[in-house]
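Asker: First to last, the sequence lines map onto chains A and B.
Position in the first sequence (first residue = 1) + 91 = this note's numbering.
Position in the second sequence (first residue = 1) + 62 = this note's numbering.
Just so it is clear, CB atoms sit at the ideal spot from N, CA and C, and this is done for glycine as well.
Next up is a structure, given as structure tokens.
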Amino acid sequence: MSTTSPTQSLRAWLLTEEPASRRQARLAAWYKAWLTLRGNTLAMLGLGVLAVLILAAIFAPLLATHDPFAQDLGRRLLAPGADGHLLGTDSLGRDIYSRLLYGARISLYIVALVVMVAPVVGLIMGTVAGYAGGVLDVVLMRITDIFLAFPRLILALAFVAALGAGIENAVLAIALTAWPPYARIARAETLTIRNSEYIQAIKLQGAGPLRIVTRHVWPMCISSLVIRVTLDMAGIILTAAGLGFLGLGAQPPSPEWGAMISEGRQYILDSWWVATIPGLAIFAISLAFNLLGDGLRDMLDPKEDHS
Amino acid sequence: MVDATQGQGRLRPSLPPFLKKTLKTLLTVAVTLLGLLFVTFMIGRVMPIDPVLAVIGERATQEQYNQTYRDLGLDQPLLAQFGIYVWDVVRGDFGQSIRTGQQVTTDIARVFPATLELATLGTFLGVTLGVPLGVVAAVRRGTWIDQVARLVGLVGYSMPIFWLGLVGLLIFYGILGWVSGPGRLGIFHQGIVEPITGMLLLDSALRGEWAVFRNAFSHIILPASLLGYYSLAYISRMTRSFMLEQLGSEYVITARVKGLSEWQVVWGHAFRNIRVQLLTVIALAYANLLEGSVLTEIIFAWPGLGQYITTSLLANDMNAVLGGTIVIGTIFVGINILSDLLYRIFDPRSK
Numbered sequence: 092m093s094t095t096s097p098t099q100s101l102r103a104w105l106l107t108e109e110p111a112s113r114r115q116a117r118l119a120a121w122y123k124a125w126l127t128l129r130g131n132t133l134a135m136l137g138l139g140v141l142a143v144l145i146l147a148a149i150f151a152p153l154l155a156t157h158d159p160f161a162q163d164l165g166r167r168l169l170a171p172g173a174d175g176h177l178l179g180t181d182s183l184g185r186d187i188y189s190r191l192l193y194g195a196r197i198s199l200y201i202v203a204l205v206v207m208v209a210p211v212v213g214l215i216m217g218t219v220a221g222y223a224g225g226v227l228d229v230v231l232m233r234i235t236d237i238f239l240a241f242p243r244l245i246l247a248l249a250f251v252a253a254l255g256a257g258i259e260n261a262v263l264a265i266a267l268t269a270w271p272p273y274a275r276i277a278r279a280e281t282l283t284i285r286n287s288e289y290i291q292a293i294k295l296q297g298a299g300p301l302r303i304v305t306r307h308v309w310p311m312c313i314s315s316l317v318i319r320v321t322l323d324m325a326g327i328i329l330t331a332a333g334l335g336f337l338g339l340g341a342q343p344p345s346p347e348w349g350a351m352i353s354e355g356r357q358y359i360l361d362s363w364w365v366a367t368i369p370g371l372a373i374f375a376i377s378l379a380f381n382l383l384g385d386g387l388r389d390m391l392d393p394k395e396d397h398s
Numbered sequence: 063m064v065d066a067t068q069g070q071g072r073l074r075p076s077l078p079p080f081l082k083k084t085l086k087t088l089l090t091v092a093v094t095l096l097g098l099l100f101v102t103f104m105i106g107r108v109m110p111i112d113p114v115l116a117v118i119g120e121r122a123t124q125e126q127y128n129q130t131y132r133d134l135g136l137d138q139p140l141l142a143q144f145g146i147y148v149w150d151v152v153r154g155d156f157g158q159s160i161r162t163g164q165q166v167t168t169d170i171a172r173v174f175p176a177t178l179e180l181a182t183l184g185t186f187l188g189v190t191l192g193v194p195l196g197v198v199a200a201v202r203r204g205t206w207i208d209q210v211a212r213l214v215g216l217v218g219y220s221m222p223i224f225w226l227g228l229v230g231l232l233i234f235y236g237i238l239g240w241v242s243g244p245g246r247l248g249i250f251h252q253g254i255v256e257p258i259t260g261m262l263l264l265d266s267a268l269r270g271e272w273a274v275f276r277n278a279f280s281h282i283i284l285p286a287s288l289l290g291y292y293s294l295a296y297i298s299r300m301t302r303s304f305m306l307e308q309l310g311s312e313y314v315i316t317a318r319v320k321g322l323s324e325w326q327v328v329w330g331h332a333f334r335n336i337r338v339q340l341l342t343v344i345a346l347a348y349a350n351l352l353e354g355s356v357l358t359e360i361i362f363a364w365p366g367l368g369q370y371i372t373t374s375l376l377a378n379d380m381n382a383v384l385g386g387t388i389v390i391g392t393i394f395v396g397i398n399i400l401s402d403l404l405y406r407i408f409d410p411r412s413k
């Protein structure tokens with residue numbers, strides 16, 4: 092009888108070959124996935140950057156050295172490091188470092204909103220089309236194709252033009268252009284499992300279509316959707332920043348990163364940091380999402396060899 | 063009776079499969095384009111701007127208002143309005159631009175060559191660099207070249223293009239002075255070349271104005287390189303994965319066993335088989351650049367379609383915005399269909 096420490100026994104419990112309960116099996120699957128992901132240095136790097144982003148957003152009021160909105164025209168366009176301004180000041184004398192921190196909140200807000208809308212819409216459209224089949228399938232997929240055929244940024248521009256500039260409208264516009272790929276994926280997944288035996292079994296037990304789709308089809312679609320969402324995240328951030336840059340997303344004085352680049356644009360030749368630093372932040376975040384997305388794809392999608 | 067109907071069925075002249083497929087494709091295109099128009103139509107309708115006031119201004123009398131209201135067809139049912147709209151667009155009439163006072167079609171014809179020139183040069187750069195990079199990355203899989211190619215792709219996917227444009231301007235124009243600044247042409251070179259195609263590089267070369275050509279080139283090279291980098295990121299990644307698929311197949315092993323040189327195996331056999339796939343990828347990259355040039359054009363003050371749409375948007379000039387959207391959307395759909403057709407024609411496996 093060897094004595095095992097609690098962590099070791101937890102590990103053993105998670106890695107057991109014969110899980111005793113559904114909960115244990117599920118947790119074990121998550122744990123094994125985590126172990127695989129941990130071996131992927133680049134994906135972990137991405138995860139780390141995102142963790143920093145989230146922490147920065149949560150603790151922005153504590154970490155900020157200045158009020159992100161306080162203007163001080165006497166101290167405008169200070170170089171990084173000057174006078175206690177870590178990353179310098181912009182054309183209105185606002186501290187760029189503090190604005191960057193608060194801007195992280197806006198970026199996360201945009202990403203969260205899009206993620207709550209686009210994949211859900213896509214999932215519903217795709218599974219309904221795939222499960223119902225027939226005319227409904229044709230109609231829904233044709234709508235999806237129409238949206239796919241539209242260039243994304245231009246469509247988002249047109250939507251924002253109709254709805255008016257602002258963060259919520261930018262989010263709505265991005266979500267409206269982002270859902271079609273999810274619908275495609277969800278439909279493909281639904282078609283492969285629609286006629287499988289376990290669905291037949293559930294049908295024989297008397298489950299209706301609603302129950303089958305929500306309880307048995309959706310869970311099977313989740314993992315491919317998660318990969319796609321993570322890989323899409325960079326595109327979402329870039330589109331949002333692009334809209335902000337064009338003056339169609341977040342409005343001044345909001346410290347949205349794209350809008351910050353736009354404000355710094357006219358000073359680029361003399362005060363490079365004003366536009367450059369928020370751009371670096373956008374780049375870091377979307378790179379992090381791409382790295383994590385690649386890692387997740389390798390982990391959750393062993394069918395294809397992506398290395 | 064039964065035999066007779068069956069015989070009839072056999073004898074009935076049915077369309078050849080190729081024609082049938084083409085008809086089906088055409089129908090799909092028509093429905094997609096109609097959907098596109100419906101979306102732009104609805105966007106135009108939910109606008110918070112009163113289209114009548116946009117035309118006649120705030121001070122018009124009620125009678126003038128009613129007259130214009132009827133002239134614009136706003137008293138008709140929505141479906142009829144949509145019909146009129148589609149008919150106008152099909153005839154190439156996108157209405158009048160409030161900002162420039164000209165027909166949107168005229169405006170677009172004026173600005174489009176600039177975008178086309180930029181996107182074409184960008185795609186050219188992306189293909190000439192991206193394809194070899196992708197092939198080499200696949201052949202030398204797992205080596206440092208492969209890692210570099212992966213990094214190039216990842217960075218390309220993650221970089222905000224407008225920011226890269228600013229930094230590029232700062233470095234190559236502001237600090238190094240290697241290229242000219244924003245715009246298409248320096249002030250001393252303007253108005254010399256009579257436009258033929260509207261594409262400055264082509265026109266100045268055709269007219270033999272080499273000083274203008276050099277100046278135009280020094281203006282276009284930076285934005286075109288940036289766009290080229292984006293298509294490079296996409297093209298090299300796709301080339302690599304296509305090549306990996308081929309290099310792992312049996313005929314490549316056979317070719318190697320036969321003793322063919324590595325060059326012959328890679329370029330003579332494997333690469334030959336991905337040409338069609340590659341063509342579709344390049345077509346898609348090209349379509350993406352036409353759209354992706356929106357932000358680049360703003361940064362470089364490039365007087366193209368992207369800048370036209372954005373400026374019109376900020377001026378609430380909906381006819382211009384929707385006209386531009388329809389043009390880009392149609393090109394997008396067109397290129398997609400074209401690459402699909404090319405695939406079907408040149409790849410015997412798809413038959």
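Can you give the beta carbon distance from GLY386 (chain A) to LEU133 (chain A), rounded, assuming they're within the 8 Å contact cut?
Answerer: About 7 Å; that satisfies the 8 Å criterion.
Asker: Roughly how far, in whole angstroms, is the beta-carbon of THR342 (chain B) from the beta-carbon of LEU404 (chain B), given that I think they are within contact range, below 8 Å?
Answerer: 7 Å between Cβ atoms; contact.
Asker: Is GLN296 (chain A) helix, strand or coil when you go by DSSP?
Answerer: The answer is coil: DSSP assigns GLN296 (chain A) none of H, G, I, E or B.
Asker: Is it the case that the Cβ atoms of ALA332 (chain A) and ILE258 (chain A) are separated by a distance below 7 Å?
Answerer: Cβ atoms of ALA332 (chain A) and ILE258 (chain A): not closer than 7 Å.
Asker: Going straight from the alpha carbon of MET324 (chain A) to that of LEU263 (chain A), what length do you get?
Answerer: If you take the alpha carbons of MET324 (chain A) and LEU263 (chain A), they lie about 15 Å apart.
Asker: Below 7 Å between beta carbons: does that hold for ALA220 (chain A) and TRP270 (chain A)?
Answerer: Not closer than 7 Å, so no.
Asker: Identify which residue in B:SER220, B:LEU88, B:LEU309, B:GLY188 has its Cα closest to the Cα of TRP325 (chain B).
Answerer: Nearest of B:SER220, B:LEU88, B:LEU309, B:GLY188 to TRP325 (chain B), Cα basis: B:LEU309.
Asker: How big is the Cα-Cα spacing for THR364 (chain B) and THR177 (chain B)?
Answerer: In the sequence as presented, Thr is not what sits at residue 364 (chain B); that position holds Trp. Looking at the two C-alpha atoms, the distance is approximately 8 Å.
Asker: Taking Cβ positions only, does ALA298 (chain A) come closer than 7 Å to chain B?
Answerer: Not closer than 7 Å to any Cβ of chain B, the Cβ of ALA298 (chain A) fails to qualify, so no.
Asker: If you follow the alpha helix (DSSP H) that TYR291 (chain B) is in, where does it begin and where does it stop?
Answerer: From DSSP, the alpha helix (DSSP H) with TYR291 (chain B) extends over 272-309.
Asker: So is PHE174 (chain B) in contact with chain A if we call contact Cβ pairs under 7 Å?
Answerer: Not an interface residue.
Asker: Does the beta carbon of ILE258 (chain B) sit closer than 7 Å to a beta carbon anywhere in chain A?
Answerer: Not an interface residue.
Asker: May I have the straight-line CA-CA distance separating PHE250 (chain A) from ILE105 (chain B), to the nearest angstrom?
Answerer: Between PHE250 (chain A) and ILE105 (chain B), the C-alpha separation is close to 7 Å.
Asker: Is DSSP giving GLN209 (chain B) helix, strand or coil here?
Answerer: Correct three-state label for GLN209 (chain B): helix.
Asker: Which runs of the beta strand (DSSP E) fall wholly inside the region 108-194 of chain A and span at least 3 residues, in chain order?
Answerer: The region 108-194 of chain A contains no whole beta strand (DSSP E) run of 3 or more residues.
Asker: Shorter than 7 Å from the beta carbon of ILE303 (chain A) to some beta carbon of chain B?
Answerer: No, ILE303 (chain A) lies away from the interface with chain B (no Cβ there is under 7 Å from its Cβ).
Asker: Got a sec? Which residues, its chain only, sit under 6 Å from PHE77 (chain A) by beta carbon, not counting five neighbours each side?
Answerer: In this structure chain A extends from 92 to 398, so residue 77 (chain A) is not present and cannot be described.
Asker: Would you check if the distance between the CB atom of VAL241 (chain B) and the CB atom of VAL255 (chain B) is smaller than 7 Å?
Answerer: No, these two residues do not count as a Cβ contact at 7 Å.
Asker: For a contact defined as C-beta to C-beta under 7 Å, what are the partners of GLY236 (chain B) on chain A?
Answerer: Those are LEU360, listed as they occur along chain A.
Asker: Is GLN165 (chain B) helix, strand or coil by DSSP?
Answerer: The answer is strand: DSSP assigns GLN165 (chain B) an E or B state.
Asker: If you pair each beta-carbon of the region 184-198 of chain B with each one of the region 295-308 of chain B, do three or more pairs fall below 8 Å?
Answerer: Yes: the two stretches touch, three or more of their Cβ pairs being nearer than 8 Å.
Asker: Could you pull out every residue in the same chain whose Cβ sits closer than 6 Å to the Cβ of THR281 (chain A), ignoring the five residues on either side in sequence?
Answerer: Hits under 6 Å: THR218, GLY221, TYR222, VAL308.
Asker: So, for ARG166 (chain A): in the same chain, excluding its five sequence neighbours on each side, which residues have a beta-carbon less than 7 Å away from its beta-carbon?
Answerer: Closer than 7 Å at Cβ, skipping near neighbours: ASP174, THR180, GLY184.
Asker: Quick one: what's got a C-beta closer than 8 Å to ILE282 (chain B)'s C-beta in the same chain, skipping five residues either side?
Answerer: Excluding residues within five positions, the ones whose Cβ falls inside 8 Å are GLU179, LEU180, LEU183, ARG246, LEU262, LEU263.
Asker: Pull out every residue of the region 343-362 of chain B whose Cβ sits closer than 9 Å to any Cβ of chain A, in chain order.
Answerer: Within the region 343-362 of chain B, the qualifying residues are ALA349, ASN350, LEU352, GLU353, GLY354, VAL356, LEU357, ILE360, ILE361.
Asker: Can you list the residues of chain A that ILE170 (chain B) reaches, using a CB-CB cut of under 9 Å?
Answerer: The premise fails here: ILE170 (chain B) is roughly 13 Å from chain A at the closest Cβ pair, so nothing lies under 9 Å.
Asker: Check this for me: beta carbons of ILE371 (chain B) and GLY386 (chain B), under 7 Å apart or not?
Answerer: The answer is yes: Cβ separation under 7 Å.
Asker: Where THR268 (chain A) and ARG212 (chain B) are concerned, what is the direct C-alpha to C-alpha distance, given to the nearest angstrom?
Answerer: Cα to Cα, the separation comes out at about 27 Å.
Asker: Among the residues of its own chain, which have a CB less than 7 Å from the CB of THR162 (chain B), if the five just before and after it don't count?
Answerer: For THR162 (chain B), where only same-chain residues beyond five positions count, the Cβ hits under 7 Å are ASP169.
Asker: Please look up how many angstroms separate the CB atoms of THR235 (chain A) and ALA274 (chain A), rounded, as I've assumed it's under 8 Å.
Answerer: Yes, they are in contact, since the Cβ atoms of THR235 (chain A) and ALA274 (chain A) sit about 5 Å apart, within 8 Å.
Asker: From LEU136 (chain A) to GLY384 (chain A), what distance separates their C-alpha atoms?
Answerer: Approximately 12 Å, taken between the alpha carbons.
Asker: Could you pull out every unbroken alpha helix (DSSP H) segment of at least 4 residues lying fully inside the region 225-267 of chain A, listed in chain order?
Answerer: Counting whole runs of 4 or more residues, the region 225-267 of chain A contains the alpha helix (DSSP H) stretches 225-240, 243-254.
Asker: Give the C-beta separation of ALA155 (chain A) and SER189 (chain A) to the nearest angstrom, bearing in mind that I take them to be a contact with Cβ-Cβ under 8 Å.
Answerer: At roughly 4 Å, the Cβ-Cβ gap stays under 8 Å, so ALA155 (chain A) and SER189 (chain A) are in contact.
Asker: Hey, would you say ALA349 (chain B) sits closer than 7 Å to ILE397 (chain B), going by beta carbons?
Answerer: Yes, Cβ-Cβ distance for ALA349 (chain B) and ILE397 (chain B) is below 7 Å.
Asker: Taking 7 Å as the threshold (beta carbon to beta carbon), is GLY403 (chain A) in contact with chain B?
Answerer: In the structure displayed, chain A extends from 92 to 398; residue 403 (chain A) sits before or after that span and is not available.
Asker: For GLY370 (chain A), decide whether its Cβ has a neighbour in chain B, counting only Cβ atoms nearer than 7 Å.
Answerer: For GLY370 (chain A), the answer is yes, since a Cβ of chain B falls inside 7 Å of its Cβ.
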